[in-house]
Amino acid sequence: RHASPDDRLPLLLSPMLRYLRRAPEVFEAARLSPDWFALTRAYVGAGGHFPMRVRLNADLRVTLEDRSETAVLWNLAASHCYRIEPSYRTIVDAGANIGLFALLACRTAPEANIWCIEPFPPTYERLLRHLRENGVENRI
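The opening residue of the sequence shown carries number 15 in our numbering; numbering runs sequentially from there.
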């Protein structure tokens, strides 16, 4: 038996409905980045070319090498999986990776002392590059 178009409709809509509950995250991404559309497409696996250069807020720039880094950025910036209060005075980013959390924390908590720990040398080099490119290498 072949499925009629009416029978296939739930199957076609199911992936879209799964993402519908995440619409506020898309709006947050649009608020945070002029590159929100490319970022959203890369995050949901609907495209994206890597490395991807992404602008955040008005003045942050990061380079994402693959979809997993896109997911980390999405979870930090659009989903707000870690809350950063402007009143924080000390932030330790253990396992800082390429510095995405530290960069966001730098802008959200401007008075905080931010310490990054990243043990893997190639990743540490990317972390330093992001800090230098964003002019915060003396702050973090």
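Each residue gets a CB set at the ideal place from its N, CA and C atoms; glycine is no exception.
Taking only three categories from DSSP, how would you classify residue 150? The count along the sequence shown starts at 1 and reaches residue 150 at position 136. Residue 150: coil per DSSP, three-state reduction.
Beta-carbon contacts of residue 71 that lie in its chain and below 7 angstroms, excluding the five residues immediately before and after: In the sequence shown, counting from the first residue as 1, residue 71 sits at position 57. Same-chain partners within the cutoff: 46 and 121.
Residues near residue 80 by beta carbon distance below 7 angstroms, same chain, minus five either side: As a first step, residue 80 is located in the sequence shown; it is residue number 66 there, counting from the start. Excluding residues within five positions, the ones whose Cβ falls inside 7 angstroms are 64.
Own chain partners of residue 87 with C-beta closer than 6 angstroms, once the 5 adjacent residues on each side are dropped: Position 73 of the sequence shown, counted from the start, is the residue given in the question as residue 87. These residues qualify, in order along the chain: 114.
What residue range does the alpha helix (DSSP H) around residue 50 cover? For the purposes of this step, residue 50 is taken as residue 36 along the sequence shown, with counting starting at 1. Annotation: the continuous alpha helix (DSSP H) that includes residue 50 extends over 50-58.
Selection from 54, 128 and 112 that minimises the alpha carbon distance to residue 75: For the purposes of this step, residue 75 is identified with residue 61 of the sequence shown, where counting begins at 1. When each option's Cα is compared against that of residue 75, the closest is 112.
Once the 5 residues before and after residue 55 are set aside, which same chain residues still bring their CB inside 6 angstroms of it? Taking the first residue of the sequence shown as position 1, residue 55 is located at position 41. Closer than 6 angstroms at Cβ, skipping near neighbours: 61 and 62.
Pull up the CB-CB distance for residue 84 and residue 78, whole angstroms please, since I reckon it's below 8 angstroms. Taking the first residue of the sequence shown as 1, we reach residue 84 at position 70. Taking the first residue of the sequence shown as 1, we reach residue 78 at position 64. A Cβ-Cβ separation of about 5 angstroms places residue 84 in contact with residue 78 under the 8 angstroms criterion.
Span of the alpha helix (DSSP H), counted from its first residue to its last, around residue 37: The residue you call residue 37 lines up with position 23 of the sequence shown. Per DSSP, residue 37 belongs to the alpha helix (DSSP H) from 37-46.
Skipping 5 residues on each side, what residues in its chain have a beta carbon closer than 7 angstroms to that of residue 57? Your numbering for residue 57 matches position 43 in the sequence shown. Within its own chain, the residues whose Cβ lies closer than 7 angstroms to the Cβ of residue 57, once the five positions on either side in sequence are excluded, are 84, 85 and 88, listed in chain order.
Residues near residue 106 in its chain [Cβ-Cβ closer than 6 angstroms; skip 5 each side]: In the sequence shown, the residue the question calls residue 106 occupies position 92. For residue 106, where only same-chain residues beyond five positions count, the Cβ hits under 6 angstroms are 129.
Quickly, what does DSSP pair residue 108 with across the bridge? List them, please. Taking the sequence shown and counting its residues from 1, one reaches residue 108 at position 94. Checking the DSSP bridge columns, you'll see residue 108 partnered with 131.
Taking its Cβ as the centre, do 16 or more other Cβ atoms sit within 10 Å of residue 131, making it buried, or is it exposed? Within the sequence shown, numbered from 1, the residue matching residue 131 stands at position 117. Residue 131 is exposed by the Cβ-count criterion.
According to DSSP, what are the bridge partners of residue 68? Taking the first residue of the sequence shown as 1, we reach residue 68 at position 54. In the DSSP output, where bridge partners are listed per residue, residue 68 has 76.
Look up residue 136 in the DSSP assignment and say whether it is helix, strand or coil. One-based indexing of the sequence shown puts residue 136 at position 122. Reduced to three states, the DSSP call for residue 136 is helix.
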